[in-house]
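All remarks here apply to the structure that follows.
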Amino acid sequence: MRNVSLLHRPSGGPVCPGWWCEVRSPGTSFTCRADRPERVLVWMRIEVRLLLWEFGADERARAYRWLDHGQWEALYRLRAGEPYAFTAAGVVWAARPVLFLTCPAAARPASAGLSAVCGPGGYAHAEDK
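So, in structure tokens, the structure goes:
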């Protein structure tokens, strides 16, 4: 049997491909969904930038290197239908391909450049553990 990526399945039916995104740190996790790899990357870059000031010097430098160069590997992997994760200072930003029962873009109206993007006012919710 041929292995078919979730993202390369024929369209139609009640499901559509997308990405499940998570931020995990000790005691807390946030999740959201996105409809395209580019939107995942925008979300991930924003989330990393929001926490940069809390990182130590080494982790901050590593995060800046990722923001400058590592994002391209992330985009390549996400476009190929592979999961991707970036970790800095004990925080993990991760995205993996999934099939949603409803499309992210149809689930929420577009707003201020954040249509279907994980983030403030989007799909994000917190789970305290």
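Read the sequence shown against numbering that gives the first Met the number 0 and you will find it ends at 128, with the numbers running on by one and no gaps. Built from N, CA and C at the ideal position, the CB exists for glycine as well.
Using beta-carbon positions only, say whether R93 and E21 come within less than 9 Å of one another.
Along the sequence shown, one-based indexing puts residue 93 at 94. Along the sequence shown, one-based indexing puts residue 21 at 22. Just to set this straight, residue 93 is Ala in the shown sequence, not Arg. Yes, they are a contact pair.
Taking C-alpha atoms, which residue in E72, L40, T27, R95 lies nearest to P82?
For the purposes of this step, residue 82 is taken as the residue at position 83 of the sequence shown. Residue R95 is the option with its Cα nearest to P82.
Please name the residue in P25, L40, T27, F85 whose C-alpha comes closest to that of L74.
The count along the sequence shown starts at 1 and reaches residue 74 at position 75. Measuring from the Cα of L74, the nearest candidate turns out to be L40.
I need the boundaries of the beta strand (DSSP E) containing P82, first residue and last residue.
Sequence index remark: in the sequence shown, residue 82 carries index 83 (1-based). Counting along the chain, P82 falls outside any beta strand (DSSP E), and DSSP gives it neither H nor E.
Compare the C-alpha of Y63 against each of M43, L77, P25, W18 and name the closest.
For this step, residue 63 is matched to residue 64 along the sequence shown. Here the closest residue by C-alpha is M43.
With a threshold of 8 Å, establish whether the CB of V39 neighbours any heavy atom of the ligand ZN.
Only the bare structure without any ligand can be found here, which leaves the ligand ZN out of the picture.
What three-state label does DSSP hand L100 in the structure shown?
Taking the first residue of the sequence shown as position 1, residue 100 is located at position 101. Three-state result, L100: coil.
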